[in-house]
Amino acid sequence: MAVSKRSCGQEASPSKALRRDWAYGIRLFVVPLGSATASRRMIWDREIKAAGGCLADSPWSATHMLLSPEVTPVRLGTWAEKLLEARGRPAANDPVTSVRILSKSLQATWLCTDWLIACLAKQCRVLEEKFKCCLDASTETLDHEDRDCHFIADGPAVAKPQKTEGSSPALPASATASPARTEAESDDSDVEEVLPKLRVFGGEMTPKRANLLRNREKFACQRGGQDPPKTSGSSPPKSRNEKLVSMFSRLQQHYESLGDGWRERSYRLTASILRGLPFEVTSEEDLDRSELRRLGKKTRDKLKEFLNTGSIGRVDGLHMDEHAKALAELQGIWGVGLTTARRWLGSGCRTVTDVRSQVQDGTLRLSADQLIGLQFFEEFAQRIPRIEVDEIIQVVQAAVSRRFGNRLRMEACGSFRRGKASCGDVDLLLCARSAKDELALGSTHDVLSSLVADLHGQGFITHDLKGGNQSHRRPGGHVGQDVNDGEEQQSSTAATYFGVCQLARVGSLHRRIDIKVYPVLEFPFALLSFTGSGPFNRSMRLYARRAGFSLSDHSICRAAHARGNGRGERIWTGPPIAAMQFASERDIFEFLGLAYREPWQREVDASWLAETGTDKQAAKQATAATTGLAADVSSQASSPPAKAEREALGWKDEDEVQSLSD
DNA sequence: CGGCGGTACTG
DNA sequence: CAGTACC
DNA sequence: GCCG
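Okay, so the first sequence: first residue is 1102 according to my numbering, each after it adds one.
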């Protein structure tokens, strides 16, 4: 768990080109020789685009030429000659000279393919220096063209030059949380601009919504722009409050394994706040600093206790740690949750090993899913390097193309789409390319099962987990069953599959793979949803809810809490909102009045501040001379419209809004 | 004191 | 319905 | 856990 976290590369380029945008401005041409096979080029193509760069159509428009290390001078020379001829330029008689001529007429930097591989592994722009090709290969290599090549400056060692990972001073980037927005923050158009959209889609600008909009920066799903999704431990803020952070993390983990998600969330937030603190907590006065605004009484008491006694009773008292640890381990088995873990623990299973032996004995009976989870416990715990995810995608894509031609589009979602260097599993979303294709393809379930069958057949998928066949739910048959007056939708025509796959290669591990097929109209919602992150989704959905909608992986609906007394049951309903209008993720953000967030900006850490809708806090903050981060952000965001303007828009005043807002 | 995300499958 | 899962 |  405490894995990954990688320092990003180096490269003194403008801060913007760091991380997820690392390929910004790069036009890459891959020399089609040697190990730069077509399929690898396809993978690279997707990756480079995802990172903000692109592939060049020809060497002549490239900024970077990528060359496989094993290509010999002669082969390269031959290729260069052809290229020159095709351009009507004179080529030299000998290959090496041709290469020189070519390289001089190009604007590009020549790099070894290992450079790209290193970039992909680290998800940042690795220093190019060590990967430069030496095109002035001495003539003698010519005579021995079967020698292992060599255009590469550092020879074979070049492959992993970056072992230093931890130490390389990766441009601190905005690691030091530059408080304000960063460039891409297209930022706040005023609420006013959002208004027409809402109207168009059937929403009204109620005062409550207006207030919500003005405070939207408080939601985690709007805190993008900054991104240091962690990064290295090297230089950044050596946590000042290490001891406290670890104590609250323990509490968080404790409640996590106990299944108290709310306390878990709370402690996670506390730990996160403390970790990001620009000062060390040493006295009770520190507790009044604005950064700690969000901490409640209980937590403050714990902090005080720590200041006074150097420890926190509640934390020390986590004798249970044993218990919690065992629970956590058992819950690590796919298909085992809190209840099962407790049950097993009660019957003497403390570890996975215990479970295995009891299964052998026949003392313990597991479900099919749990057996698979148990079998691959260790393998599933391994992160999947991004490069391998790419390969897995290729395999599935090949099957998709084979069976469905070009009618289906496929997107890899999850942490992969968010640009992480490694992923816990592979999450693929499929959808017809057009309504017409959708018709031709037939039901999503059929599409999915025939795809899965194919992958099974080639031995790629090795095991099935609960395979979502909701097919009996509504495939036509009896319609009269449920009271589905008026509302049409809810024939959730999406199909989902969970399984296990393995690349056909020697040491490859079994990996978790999810495949989903969604109807065209729901695609943007599914994409948004399955790209996550989890906390990001929750935040965005909470926001939507506060605005009076319910956002899901299928659509967005009007939502009305059956409030008041009695039961808040039968929660909401309402027709999904003109699904036709949502053609992309962007449309959903726009509809809600939220600023778009690129996938890599959705890596929300636990610190979704407050998200407590509207409030007087905003007003307070504006006046109080606070220096806190949150205050900075929100004050900018909420430059309230002038009174006249408000009236013009038909908004109520702040105070009224308060009362209305709940 | 109630809310804290929304959905879907298995059994 | 409870349990588990997905992001 | 914290918030309204």
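Glycine residues also receive a C-beta, built at the ideal position from the N, C-alpha and C atoms.
For clarity, every value in this text was computed on a predicted model and none was experimentally measured.
{"query": "Go through its chain and collect everything with a Cβ distance to E1186's Cβ below 8 angstroms, but skip five positions before and after it.", "result": "A1192"}
{"query": "At the level of alpha carbons, what is the spacing between Q1559 and I1488?", "result": "21 angstroms"}
{"query": "Going by DSSP in three states, A1533 sits in which element: helix, strand or coil?", "result": "strand"}
{"query": "Buried or exposed for V1607, please, with buried defined as at least 16 other CB atoms from any protein chain shown within 10 angstroms of its CB.", "result": "exposed"}
{"query": "I need the DSSP call for A1605, collapsed to helix, strand or coil.", "result": "coil"}
{"query": "Just verifying my parser: in three-state terms, what is the DSSP assignment at L1236?", "result": "coil"}
{"query": "Taking the straight line between their C-alpha atoms, what separation do you get for I1434 and Q1682?", "result": "41 angstroms"}
{"query": "Use the C-beta contact count for N1194: other C-beta atoms within 10 angstroms, 16 or more gives buried, fewer gives exposed.", "result": "exposed"}
{"query": "Is the region 1552–1567 touching the region 1516–1530, taking contact as three or more C-beta pairs under 8 angstroms?", "result": "no"}
{"query": "Thinking C-alpha only, which one of H1655, Q1483, L1167, D1688 is nearest V1618?", "result": "H1655"}
{"query": "I think T1563 touches Q1603, with their Cβ atoms under 8 angstroms apart; what is that distance to the nearest whole Å?", "result": "5 angstroms"}
{"query": "Closest by CA to E1404, which one among V1197, S1391, M1348?", "result": "Looking at the sequence shown, residue 1404 is not Glu but Leu. It is M1348."}
{"query": "Could you give the distance in angstroms between the alpha-carbon of R1612 and the alpha-carbon of S1358?", "result": "24 angstroms"}
{"query": "So, with DSSP's three-state summary, where would you put S1204?", "result": "helix"}
{"query": "Using the beta-carbon count (16 or more within 10 Å), is W1161 buried or exposed?", "result": "exposed"}
{"query": "By alpha-carbon positions, which one of L1431, G1675, E1480, A1482 ends up nearest to L1467?", "result": "L1431"}
{"query": "Between the alpha carbons of G1694 and R1310, how many angstroms are there, rounded?", "result": "10 angstroms"}
{"query": "Using C-beta distances below 7 angstroms, list every residue in its chain close to T1179, excluding the 5 sequence neighbours before and after it, in chain order.", "result": "P1196"}
{"query": "Between the region 1211–1227 and the region 1159–1176, do three or more beta carbon pairs fall short of 8 angstroms?", "result": "yes"}
{"query": "Would you grab the beta carbon distance between L1542 and A1533 for me? Rounded to a whole angstrom, and I think it's under 8 angstroms.", "result": "5 angstroms"}
{"query": "Measure the CB-CB distance between G1418 and E1406 and report whether it falls below 8 angstroms.", "result": "no"}
{"query": "Locate the alpha helix (DSSP H) running through F1692, then write down its first and last residues.", "result": "1686–1693"}
{"query": "Give the straight-line distance between the Cα atoms of R1443 and R1639, rounded to the nearest whole angstrom.", "result": "27 angstroms"}
{"query": "In chain order, which continuous runs of the alpha helix (DSSP H) of length 4 or greater are located wholly inside the region 1447–1478?", "result": "1453–1462, 1469–1476"}
{"query": "Determine the closest residue to S1653 out of A1152, S1204, K1183, S1630, with distance taken between C-alpha atoms.", "result": "S1630"}
{"query": "Would DSSP call E1623 helix, strand or coil?", "result": "helix"}
{"query": "Measuring CB to CB, does G1126 end up less than 8 angstroms from E1171?", "result": "no"}
{"query": "Measure the CB-CB distance between C1450 and Q1459 and report whether it falls below 8 angstroms.", "result": "yes"}
{"query": "Please classify L1367: is it buried, with 16 or more other beta-carbons within 10 angstroms of its beta-carbon, or exposed?", "result": "What sits at residue 1367 in the sequence shown is Ser, not Leu. That one is buried."}
{"query": "So, is P1379 buried or exposed, given that buried needs 16 or more other C-beta atoms within 10 angstroms?", "result": "exposed"}
{"query": "Would you mind giving the Cβ-Cβ distance between G1600 and I1614, rounded to the nearest angstrom? I have them listed as a contact below 8 angstroms.", "result": "6 angstroms"}
{"query": "Residues in the same chain with beta-carbon distance under 8 angstroms from R1089, minus the five sequence neighbours each way, listed in chain order, please.", "result": "Residue 1089 is absent from the model: the chain starts at 1102 and stops at 1763."}
{"query": "Give me the Cα-Cα distance between V1416 and H1355, rounded to the nearest whole angstrom.", "result": "10 angstroms"}
{"query": "Applying the 10 Å Cβ sphere with the 16-neighbour rule, what's the burial state of H1546?", "result": "buried"}
{"query": "According to DSSP, is M1641 part of a helix, a strand, or is it coil?", "result": "helix"}
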